[in-house]
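Just so you know, the sequences run in chain order A and B.
First residue of the first sequence: 1, per my numbering; consecutive thereafter.
First residue of the second sequence: 1001, per my numbering; consecutive thereafter.
The next block holds one structure in the form of structure tokens; read it before the comments.
2 protein chains.
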Amino acid sequence: MNIAKTSFPRIVIVGGGFAGISLAKKLSKQEVQVVLLDKNNYHTFQPLLYQVSTGGLEPDSIAYPIRKILKDFPNFQFRLAHVQEIDTIKNKLITNIGKLKFDYLVIASGSETNYFDNESIKANSMAMKSIPESLNLRSLILENFEDALLTTDLNERNALMNFVIVGAGPTGVELAGALAEIKKGILPKDYPDLDTRSVQINLIQSSDRILKEMSANASKKAEDFLEELGVNVWKNVRVTDYDGKLVTTNSDLTFETFTFIWAAGVKGATIKGLDSSEFINKGERILVNEFNQVKGLNNIFAVGDVACMENDQFPKGLPMMAQPAIQQGLQLGDNLLRLIEQKPMVPFDYKDKGAMATIGRNKAVVDLPKFKFQGIFAWYVWMFVHLFFLIGFRNRVVVFINWVYNYIRFDREARLIIRPYKKRN
Amino acid sequence: MNIAKTSFPRIVIVGGGFAGISLAKKLSKQEVQVVLLDKNNYHTFQPLLYQVSTGGLEPDSIAYPIRKILKDFPNFQFRLAHVQEIDTIKNKLITNIGKLKFDYLVIASGSETNYFDNESIKANSMAMKSIPESLNLRSLILENFEDALLTTDLNERNALMNFVIVGAGPTGVELAGALAEIKKGILPKDYPDLDTRSVQINLIQSSDRILKEMSANASKKAEDFLEELGVNVWKNVRVTDYDGKLVTTNSDLTFETFTFIWAAGVKGATIKGLDSSEFINKGERILVNEFNQVKGLNNIFAVGDVACMENDQFPKGLPMMAQPAIQQGLQLGDNLLRLIEQKPMVPFDYKDKGAMATIGRNKAVVDLPKFKFQGIFAWYVWMFVHLFFLIGFRNRVVVFINWVYNYIRFDREARLIIRPYKKRN
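Right, here's the structure in full:
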């Protein structure tokens, strides 16, 4: 790769998500050369992807150009690249745009959808881990309603108007809530010819409660909110297969749907060279010590979702959320500088700031370390926190305006099929 | 097609652009059944497509859901459909979703890029007639800069940083100006490793002035503005071919570029059944009389870009712009009601409201029927008029905020490659 050598040690960061960007900011004015690689030229604010899928936000409002983040940082380089392999012996990366030597390497490649080796689900389901995937889902939902108008086969029409969301983590819950509001507020006006009362929103969870990473109170209240909105919540049900129309489960329960959203699991986005069992756990996350150092390697680190750092509170690793990623990125910045100066590194200490999810207008659940609350105030807190962590002033203003507009008008105007998902005949 | 018959006469409108929507609004509360067909589920505000291509606006801000426009109109139906053929004898449309009988048919299908039968230009150039095309261009521009960083071949790098825009109508002029501002304000910060002084923006026009539909004064001033911005304006040059890298012209002049934008012509988007020489002119526009009636047919009409209505002032037909489309749509609404009531129709009388184009910040040219002016005041007028005609309150607010932000910050944050245009290896 065409990157000039400098006298500074070279730190290569793979991934411009929360962890990678936090780390980059920490290193911005230090005597190190930083090369940031990402397969996109933008940072994605993943917590709001479901609002892109449901027409509430424009995709460009939750993306931010990585080059703009780095533009005032001396000694920084960005390259649009897919990393294909890591050579941990020769300290070298192999990418689609060439090879790159590093002195220090930080894997911040995030997570990807986990289909648990079910090829049929992988081939037929919609995921929501990236902006293009979210836009595909937006298009599919709208196309299915257009198609529902065309068919006279009742079974077919119901399958077109039936939603099955697998996985009741924040993504599944937030999507189900948004769809329920669309069913109520938008569909009857947009499709006066369809009996939109038959629209079904099914949220399926394999365990005995939704939002299982949150408090029991939050789970209970979120489920109440969803039921108020008319979502069918199915607990203790595990989806076993989906063939493009029929959903089968571990019970007698089946569904017919053309809109099947898989939000049931994520795994670490590992890279060849660090993907053998010596480096990763069951969830394909890279095992790291308290300095985010990959086990057995001195100059290779992993942060964020892809890193599995076990501690007493989280024996299976820190949660795959924005906060651990941001905090690890910042801490590793300090530690890399210490390491270069041959000072001892400081162990990472996770400050749990809690978790939250929104279900619909005036409906959210918030677990802070000291307070847990639900309802309208939680909803304001949720919005404030999301605006705060969104990168970019313009993005914040545009998202805020969309939210105010959607709230006042009970509307979501970005119900646009800009790129059709299915090829229309 | 699955549309119930009513006792009202059925008017089918093909196309939800300016003409189709104006007509629909006029018919909204009348005793007619209206079926609107479009291949997109949204109305596109075409005059701002170039700002989507250049990262200044989000695509969703210049699109508006057609179903939302129609939602309060009784007796209206929308279908997402491609019209494939018109049977003018049996009064029937053939579409990808079935056949449809009509009592009255209005073709408002707009215009499409005219490559003048040059297959090589068609295959290798970028057009800017739709939102997906504009997004493709946005991606390509950004990808070419990323690629310019990777190559050590100077010739290749220059071709990646060279822009050739063919056609100096409003689209070409506005795009050239926007690219010049990006060259100056954004590229040096985003790509500190590239010598962005070598970026060339070439605007090629076959006639002896740019903006040739406007006044001589406007042409002259627009050219001055472009030159101030560093755009190379080539007049009296006709592009003869483009093979994906080399642009040849009718003179010795050649260019090497990987970003070749074809804005040199449009033609009517005719439909089989009305596309024979008996119905269309050289520009493939459907010939209509002063009532927008297709020649020789009583119940079939054409409005907007696809219609060629000749008059004394415009012997080759009214200009293919928003104003004639809007005015014809409104007038035809009245005339259709008159026709149904067996009253005489009123001839269309075009009110020329002038034309305008923006070149860059504080730089625009405006020709009103009574006043012609250029510069900063013209720029404000341009912005005001475009905000006014943009459909939707939310769209107006979001576009306005983006403009204010871009103006204050000399920035365009939507420089995002959401969907790559070229397949990256």
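Ideal Cβ positions, reconstructed from N, Cα and C, are used throughout, including at glycine.
All values reported here derive from a predicted model rather than from experimental measurement.
Out of the options, point me to the one whose CA is closest to residue i's CA.
{"i": "A:ILE204", "options": "A:PRO192, A:TYR191, A:THR171, A:ASN217", "result": "A:THR171"}
{"i": "B:HIS1386", "options": "B:THR1044, B:LYS1212, B:GLN1084", "result": "B:THR1044"}
{"i": "A:LEU194", "options": "A:GLU85, A:ALA148, A:VAL346", "result": "A:ALA148"}
{"i": "B:LEU1048", "options": "B:GLU1156, B:ASP1334, B:MET1128", "result": "B:MET1128"}
{"i": "B:TYR1115", "options": "B:ARG1238, B:ARG1010, B:GLU1278", "result": "B:ARG1238"}
{"i": "A:LYS29", "options": "A:LEU337, A:ASN362, A:GLU58", "result": "A:LEU337"}
{"i": "B:MET1383", "options": "B:ASN1402, B:VAL1247, B:ASN1096", "result": "B:ASN1402"}
{"i": "A:PHE301", "options": "A:ILE280, A:PHE371, A:PRO319, A:ASP224", "result": "A:ILE280"}
{"i": "B:ALA1081", "options": "B:ARG1067, B:ILE1069, B:GLY1098", "result": "B:GLY1098"}
{"i": "A:TRP262", "options": "A:PHE371, A:SER276, A:ILE121, A:TRP379", "result": "A:ILE121"}
{"i": "B:PRO1059", "options": "B:PRO1132, B:ARG1412, B:LYS1025", "result": "B:PRO1132"}
{"i": "A:GLY185", "options": "B:ALA1024, B:LYS1071, B:ALA1063", "result": "B:LYS1071"}
{"i": "B:PHE1371", "options": "B:ALA1004, B:THR1196, B:ASN1217", "result": "B:ASN1217"}
{"i": "B:LYS1101", "options": "B:LEU1226, B:PRO1009, B:ASN1162, B:ASP1190", "result": "B:PRO1009"}
{"i": "B:MET1001", "options": "B:LEU1057, B:ILE1094, B:LYS1068", "result": "B:ILE1094"}
{"i": "B:ASP1069", "options": "B:LEU1023, B:ILE1165, B:LYS1221, B:ARG1209", "result": "Correcting the residue identity first, residue 1069 of chain B is Ile in this sequence and not Asp. Closest option to B:ILE1069, Cα to Cα, is B:LEU1023."}
{"i": "B:TYR1421", "options": "B:ASP1103, B:ASN1124, B:ILE1408", "result": "B:ASN1124"}
{"i": "A:GLN224", "options": "A:GLN374, A:ILE165, A:GLN342, A:PRO192", "result": "Before going further, note that residue 224 of chain A is Asp rather than Gln in the sequence given. Ranking the options by Cα distance to A:ASP224, first place goes to A:GLN374."}
{"i": "A:ASN40", "options": "A:ILE62, A:LEU57, A:ARG79", "result": "A:ARG79"}
{"i": "B:ASP1275", "options": "B:ASP1252, B:GLU1227, B:ALA1307", "result": "B:ALA1307"}
{"i": "A:ASP252", "options": "A:ASP243, A:GLY244, A:PHE388, A:ASN236", "result": "A:ASN236"}
{"i": "B:LEU1140", "options": "B:MET1126, B:LYS1220, B:PRO1344", "result": "B:MET1126"}
{"i": "B:PHE1163", "options": "B:GLY1169, B:ALA1178, B:LYS1221", "result": "B:ALA1178"}
Please list, in chain order, the chain B residues whose beta carbon lies closer than 8 Å to that of residue i.
{"i": "A:ARG396", "result": "Under the 8 Å cutoff, chain B gives no residues; its nearest Cβ is about 11 Å from A:ARG396."}
{"i": "A:GLU446", "result": "Because residue 446 of chain A is not part of the residues shown, which for chain A are 1 to 425, the question remains open."}
{"i": "A:ASP190", "result": "PRO1065, ARG1067, LYS1068, LYS1071"}
{"i": "A:GLU146", "result": "ASN1041, ARG1079, LEU1080"}
{"i": "A:ASN402", "result": "ARG1394, VAL1398"}
{"i": "A:LEU93", "result": "Per Cβ cutoff of 8 Å: no residues; A:LEU93 is ~15 Å from chain B at best."}
Give me the Cβ distance between residue i and residue j, rounded to the nearest whole Å; I'm assuming they're in contact under 8 Å.
{"i": "A:SER144", "j": "A:LEU160", "result": "The sequence as given places Asn at residue 144 of chain A; Ser does not occur at that position. Confirmed, about 4 Å."}
{"i": "B:VAL1381", "j": "B:VAL1404", "result": "17 Å between Cβ atoms; not a contact."}
{"i": "B:SER1111", "j": "B:VAL1288", "result": "Not quite, the Cβ-Cβ distance comes to about 15 Å (not below 8 Å), so this is no contact."}
{"i": "B:GLY1273", "j": "B:GLU1085", "result": "5 Å"}
{"i": "B:VAL1247", "j": "B:THR1257", "result": "6 Å"}
{"i": "A:LEU27", "j": "A:ILE11", "result": "7 Å"}
{"i": "B:ILE1271", "j": "B:ILE1107", "result": "7 Å"}
{"i": "A:PHE410", "j": "A:PHE348", "result": "Not a contact, Cβ separation roughly 44 Å."}
Along chain A, which residues have their Cβ under 9 Å away from the Cβ of residue i?
{"i": "B:THR1006", "result": "Neighbours of B:THR1006 on chain A: none; closest Cβ ~12 Å, over 9 Å."}
{"i": "B:GLY1392", "result": "GLU413"}
{"i": "B:ARG1157", "result": "Result: empty, since nearest Cβ-Cβ is about 11 Å, beyond 9 Å."}
{"i": "B:ARG1238", "result": "Ordered by position in chain A, no residue passes the 9 Å Cβ test against B:ARG1238, which lies about 34 Å from the chain."}
Quick one: list the residues of chain B neighbouring residue i, beta-carbon separation under 7 Å, in chain order.
{"i": "A:TYR405", "result": "ARG1394"}
{"i": "A:LEU416", "result": "ASN1041, TYR1042, ASP1060, ALA1063, PRO1065"}
{"i": "A:ARG285", "result": "Ordered by position in chain B, no residue passes the 7 Å Cβ test against A:ARG285, which lies about 27 Å from the chain."}
Show which residues of chain B have a CB atom less than 9 Å away from the CB atom of residue i.
{"i": "A:ASN2", "result": "LEU1149, LEU1150, THR1151, THR1152, ASP1193"}
{"i": "A:ILE11", "result": "The premise fails here: A:ILE11 is roughly 18 Å from chain B at the closest Cβ pair, so nothing lies under 9 Å."}
{"i": "A:ARG209", "result": "Under the 9 Å cutoff, chain B gives no residues; its nearest Cβ is about 36 Å from A:ARG209."}
What residues of chain A sit near residue i, judged by a beta carbon separation below 8 Å?
{"i": "B:ARG1338", "result": "Per Cβ cutoff of 8 Å: no residues; B:ARG1338 is ~28 Å from chain A at best."}
Pairs of beta-carbons, one from the region 1232 to 1246 of chain B and one from the region 1194 to 1214 of chain B, closer than 8 Å: are there three or more? yes
Quick one, which residues of the region 258 to 283 of chain A are near chain B if we go by CB-CB under 9 Å, in chain order? Listed in sequence order: no entries.
Should the region 1130 to 1148 of chain B be called in touch with the region 1039 to 1053 of chain B, which here means at least 3 C-beta pairs below 8 Å? yes
Taking three-plus beta-carbon pairs below 8 Å as touching, is the region 29 to 39 of chain A in contact with the region 69 to 89 of chain A? Yes, they touch.
Using a beta-carbon distance cut-off of less than 9 Å, what residues from the region 24 to 56 of chain A approach chain B? In summary, the residues of the region 24 to 56 of chain A whose CB is separated from some CB of chain B by less than 9 Å are LYS39, ASN40, ASN41, TYR42, GLY55, in the order they occur in the chain.
Relative to chain A, which residues along the region 1131 to 1144 of chain B have a C-beta separation below 7 Å, given in chain order? ILE1131, PRO1132, LEU1142
Does the count of Cβ pairs from the region 15 to 26 of chain A and the region 315 to 333 of chain A closer than 8 Å reach three? yes
Can we say the region 1208 to 1219 of chain B touches the region 1085 to 1094 of chain B, given the rule of at least three CB pairs closer than 8 Å? no
Touch check for the region 401 to 416 of chain A and the region 1291 to 1298 of chain B: three-plus C-beta pairs under 8 Å? no
Within 9 Å of chain B by C-beta, residues of the region 163 to 197 of chain A in sequence order: ILE186, LYS189, ASP190, TYR191, PRO192, ASP193
Is it a yes or a no for the region 1342 to 1360 of chain B touching the region 1172 to 1188 of chain B, going by three-plus beta-carbon pairs under 8 Å? yes
Chain B contacts made by the region 356 to 368 of chain A, where a contact means CB separation under 7 Å: none
Residues in the region 1092 to 1125 of chain B having any Cβ partner in chain A nearer than 7 Å: ASN1096, ILE1097
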